[in-house]
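In this note's numbering, the protein residues as written are 101 to 236.
Backbone N, C-alpha and C fix where the C-beta goes; we use that ideal spot for every residue, glycine too.
This one's a predicted model, so the numbers in the text were calculated from it and none came from an experiment.
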Amino acid sequence: MDLPQESSWVSGGRCCWACGDPPLCQREAFVAFGQTVIASDVDGSAPGIQTDVHVRTSLQEGDRVTLEVVAPDGSTLSVVERPVAADGSAVFARVSVPAPRVTLRATGRGVCGVGHDELTVDVLRTPAAATSSSSR
């Protein structure tokens, strides 16, 4: 296949550009968590502790990020998926997490590849969280 000199083709058809267009994938895919501790309950009326989990990525808008919430014993508590926003972020609202510690695993998949991050964070019981869970 003869392509003009300013064109490029990546095997598998994942990226193609021509006429001076920049490559679609400027770097490898990455996924990173935004927090290192969970210190507040964003939904005091729900049992347990809920938090908003913020993930940064290099993925394209509309690509998908999967969040897995893992208990200290290694069991999976929940798995949720969200699309990536235009700024590369994905927000998982009101995710239930166990105290005193939880492992969060995020995997992003898109045109530019797969990125993964895993983080074990402390879940601090705030007075509001303790009150709301003990009143049930």
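The beta strand (DSSP E) enclosing residue i, as first and last residue numbers
i	result
residue 164	164-170
residue 217	213-223
residue 193	189-197
residue 181	176-183
residue 152	149-157
residue 210	201-210
Outcome for residue i when other beta-carbon atoms lying within 10 angstroms are tallied against a minimum of 16
i	result
residue 150	buried
residue 222	exposed
residue 163	buried
residue 208	buried
residue 174	exposed
Inter-residue Cα distance where the pair is residue i and residue j
i	j	result
residue 157	residue 216	10 angstroms
residue 198	residue 225	10 angstroms
residue 141	residue 193	11 angstroms
residue 136	residue 206	14 angstroms
residue 220	residue 126	29 angstroms
residue 202	residue 154	15 angstroms
residue 181	residue 138	20 angstroms
6 angstroms Cβ shell around residue i - same chain, five flanking residues per side excluded
i	result
residue 186	161
residue 177	169, 171
residue 210	159, 160, 163
residue 130	158, 215
residue 196	148, 150
8 angstroms Cβ shell around residue i - same chain, five flanking residues per side excluded
i	result
residue 179	166, 167, 168, 169
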